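Report on the structure given below.
Chains as they are written, first to last, in our numbering: chain A, 10 to 121; chain B, 472 to 585.
The structure is reproduced here in structure tokens:
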């Protein structure tokens, strides 16, 4: 079962930063926070993941609060191609128990 | 470096028929997971294969079965198709035993049951 809460939809102006929140108040100490996105009818695309520290890669930044009960995915300069459904998932890195539970995600619309 | 590939892209079947979907994992990955995504919903986990055996299974009936081959590729079989089996079927690969826990997804197979 999904253990995260995300707003169903958000808008962002092109060129501005998109900040997508995720609540995971029941996260356990060894669960990672993962973000994927899915552009219409395509397979989900991995974006970033983290355990405790903030993470950054070429696609996005992940900010995890100190108590790890929530996180924010930041797309620094949103483009029209970032319009997608974004999924926040918490999961273990344990062999045999590492499948992904997807919720309904946040539909991000980037507006020209 | 080839990513995850799936075939076919689209498939149309009628109720009661059987279908086989195929997946080739990303190079270097040995674990394959299958997901079903109904229209407007998030993907749901079906099962995971490692070392040619089913290691985990979600809440899906026995009509859904799978197989993994020695080259790590995998098949998903669905028997006695129902209208409700119409969905996008996604394959994801990883290699958690080698520290590569991130699952990478293929483009999916769109199955339509008439």
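Glycine residues also receive a C-beta, built at the ideal position from the N, C-alpha and C atoms. Every value quoted in this text rests on a predicted model; they were computed, and no experiment measured them.
Near residue 495/B, what residues of its chain come up, given a Cβ to Cβ distance below 6 angstroms and the 5 sequence neighbours on each side ignored? 476, 544
Buried or exposed: where does residue 10/A fall if 16 or more other Cβ atoms within 10 Å of its Cβ makes it buried? Reliability fails at residue 10/A, whose pLDDT of 48 lies under 50, so the model's placement of it is uncertain and the value that follows must be treated cautiously. Residue 10/A should be labelled exposed.
Local conformation of residue 10/A per DSSP, three classes: Note that residue 10/A scores 48 on pLDDT, short of 50, meaning its location in the model is unreliable and no value can be drawn from it.
Kindly give me the distance between the Cβ atoms of residue 114/A and residue 99/A, rounded to whole angstroms, as I take these residues to be in contact under 8 angstroms. No, residue 114/A and residue 99/A are not in contact; Cβ-Cβ is about 14 angstroms, not under 8 angstroms.
Let's test the definition: count the other Cβ atoms within 10 Å of the Cβ of residue 478/B and tell me whether it reaches 16, buried, or not, exposed. exposed
Starting from the Cα of residue 34/A, find the closest Cα among 41/A, 49/A, 13/A and give me that residue. The shortest C-alpha to C-alpha distance from residue 34/A to any of 41/A, 49/A, 13/A is the one to 13/A.
Apply the 10 Å Cβ neighbour rule to residue 37/A and answer buried if 16 or more other Cβ atoms are within range, or exposed otherwise. exposed
Just the Cα atoms here: how many angstroms apart are residue 119/A and residue 15/A? 17 angstroms
Name the chain A residues that come within less than 8 angstroms of residue 573/B, Cβ to Cβ? 43, 55, 58
Going along the chain, which residues of its own chain have a beta-carbon closer than 7 angstroms to the beta-carbon of residue 121/A, five neighbours each way excluded? 23, 89
Closer than 9 angstroms at the beta carbon, the chain B residues around residue 96/A: 513, 514
For residue 68/A, the first and last residue of its enclosing beta strand (DSSP E): Taken as a continuous stretch (DSSP letters only), residue 68/A belongs to no beta strand (DSSP E), as it is neither H nor E.
Candidates 583/B, 517/B, 579/B, 520/B: closest to residue 52/A by CA position: 579/B
Other residues of its chain near residue 28/A: CB distance less than 6 angstroms, five sequence neighbours each side excluded: 81, 83
Strictly under 8 angstroms for the Cβ-Cβ distance: is residue 10/A near chain B by that measure? Annotation note: pLDDT 48 at residue 10/A (below 50); position unreliable, no value reported.
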